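Accompanying notes for the structure given below.
In this note's numbering, the protein residues as written are 67 to 319.
Next up, the structure:
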């Protein structure tokens, strides 16, 4: 299960970006087009033909694993939301695990090719003070996701077989206070540009801060100087060494 990973060259964005817990504020494109330092996500691309276009000066990031599958040392069954906003779960418990569950739901939804779905996630999961300005650029977020997946054109009807799916596989969370929790979500992101195109998987670490607001957890901007761990795959010794908790969903890790 170990991926031979390469990290995309890290860049600083030319404009201020906010990262919600998984929901990219201002532009989802900022998350998915590049891996950038300072309050962004860290992305590692697999060693495949697709990695040639992942960005200039790609360098290895994965520590040598040297073994077969290693079972996760820690697992967590995150709580479900008790209500829905459209098809998205909301109303998570007022606990650190509830905050992490919101972050996982948010980041999963952010990796969408549908601007309507991206906007729905922003409305469901972002803090009220940022919600409107972020929702206004949801279309740009979906466009950025298409660019990340090498889907052409980056607007209009999707080519047959074009896919982009995010699978959260690990989580870390730290309670700052009873109403504030910092969360890191580790994801596998799989995409294909069109029918017959090679399917590519990357690993992403997405940071966020959850605050208790209006009876539910919502996302707010993260610290722009926050250091992020390198992405690692589930089923490796590095996953356990880095203290990731594997996310259990139903009967699946």
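Where a beta carbon is used, it is the ideal one built from N, C-alpha and C, also for glycine.
Note that the coordinates shown come from a computational prediction; the quantities given were computed from them, not determined experimentally.
Taken through DSSP and simplified to helix, strand or coil, residue 178 comes out as coil. Taking C-alpha positions only, residue 189 is separated from residue 262 by approximately 35 angstroms.
For residue 304, the enclosing alpha helix (DSSP H) starts and ends at 303-307.
Of 302, 295, 249, the smallest CA-CA separation from residue 275 is found for 249.
Distance from residue 170 to residue 251 at the Cβ level is roughly 6 angstroms; contact confirmed, criterion being Cβ atoms closer than 8 angstroms. Apart from the 5 residues on each side of it in sequence, residue 239 sits with its Cβ closer than 6 angstroms to the Cβ of 162, 166, 247, 249 in its chain, given in chain order.
Shortest Cα-Cα distance from residue 191 to any of 287, 211, 209, 311 involves 287. Secondary structure note for residue 239: its beta strand (DSSP E) is the uninterrupted segment 229-243. With a cutoff of 8 angstroms on beta-carbon distance, residue 141 and residue 303 are scored as not near each other. Where residue 207 is concerned, there is no enclosing beta strand (DSSP E), although the alpha helix (DSSP H) around it starts and stops at 204-214. For residue 274, the three-state secondary structure derived from DSSP is strand.
Per DSSP, the unbroken alpha helix (DSSP H) holding residue 198 starts and ends at 194-201. Within 10 angstroms of the beta-carbon of residue 272 lie 16 or more other beta-carbons, which makes it buried.
Per DSSP, the unbroken beta strand (DSSP E) holding residue 257 starts and ends at 246-258. Between residue 259 and residue 216 the beta-carbon gap is near 4 angstroms, inside 8 angstroms, which marks them as a contact. Residue 264 is not bridged by DSSP to any residue. Note on geometry: alpha-carbon atoms of residue 204 and residue 306 lie some 35 angstroms from one another. In chain order, 261 place their CB closer than 6 angstroms to the CB of residue 226, counting only its own chain and leaving out the 5 sequence neighbours on each side. Under DSSP, residue 154 shares a beta bridge with 151. In this structure, DSSP gives residue 298 a state outside helix and strand, which the three-state scheme calls coil.
Only residues of its own chain outside the window of five on either side were considered, and among them 186, 189, 190 have a CB closer than 8 angstroms to the CB of residue 151, listed in chain order.
If you ignore the 5 residues before and after residue 168, its C-beta comes within less than 7 angstroms of the C-beta of 87, 158, 191, 276, 283, all in its own chain and listed in chain order. One thing to note: residue 193 has its Cβ no nearer than 8 angstroms to the Cβ of residue 281.
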